[in-house]
Amino acid sequence: LRAALEYYKLEKKQEKLTDADVTAVLKKQVKQRQDSIAGFQKGGRADLVAKEQAELAVLKGYLPEELSPAQLDAIVAAAIAEVGATTKADMGKVMKAVQAKTAGRADNRAISQIVAAKLA
Numbered sequence: 065l066r067a068a069l070e071y072y073k074l075e076k077k078q079e080k081l082t083d084a085d086v087t088a089v090l091k092k093q094v095k096q097r098q099d100s101i102a103g104f105q106k107g108g109r110a111d112l113v114a115k116e117q118a119e120l121a122v123l124k125g126y127l128p129e130e131l132s133p134a135q136l137d138a139i140v141a142a143a144i145a146e147v148g149a150t151t152k153a154d155m156g157k158v159m160k161a162v163q164a165k166t167a168g169r170a171d172n173r174a175i176s177q178i179v180a181a182k183l184a
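With the sequence shown counted from 1, adding 64 to any position gets you my numbering.
What follows is the structure in structure tokens.
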């Protein structure tokens with residue numbers, strides 16, 4: 065994790081990482097662990113699955129708590145009203161507003177699905 069944070073800092077040419085930067089790195093690491101777990105399960109490597117799951121649990125402990133579906137739904141509804149969205153053509157505006165409010169506490173895929181359903 066420390067190496068991933070240092071690499072991100074060098075990549076972005078920053079002296080200090082913001083909370084948003086650290087959250088982005090953590091989410092990337094979580095995704096890598098989830099992908100590894102899926103691959104190891106297909107390969108029948110229970111020992112490596114257990115190792116990756118242990119690392120995943122530690123990483124998730126550092127992430128901010130995810131928003132509940134009800135909370136996310138309320139934020140999306142407020143963002144739709146805020147930007148005056150009425151069609152799917154306005155989805156980008158709504159997504160930008162919601163992402164600013166959720167700040168890494170919600171999965172973009174979940175946000176997208178809720179926005180699409182509300183604008184349908």
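Note that CB positions come from ideal geometry on N, CA and C, so glycine has one too.
All values reported here derive from a predicted model rather than from experimental measurement.
DSSP state of residue i mapped onto helix, strand, coil
i           : result
residue 80  : coil
residue 148 : coil
residue 88  : helix
residue 169 : coil
residue 69  : helix
residue 132 : coil
Where the alpha helix (DSSP H) through residue i begins and ends
i           : result
residue 173 : 172-183
residue 120 : 110-126
residue 156 : 155-166
7 angstroms Cβ shell around residue i - same chain, five flanking residues per side excluded
i           : result
residue 116 : 97, 100, 101, 104
residue 155 : 179, 180, 183
residue 87  : 127, 128, 168
residue 73  : 81
Of the residues the options, the one placed nearest residue i, counting alpha carbons only
i           : options         : result
residue 138 : 118, 162, 129   : 162
residue 129 : 169, 74, 73, 83 : 169
residue 70  : 89, 109, 84     : 89
Own chain residues within Cβ distance below 8 angstroms of residue i, not counting five before or after
i           : result
residue 123 : 65, 90, 93, 94, 97
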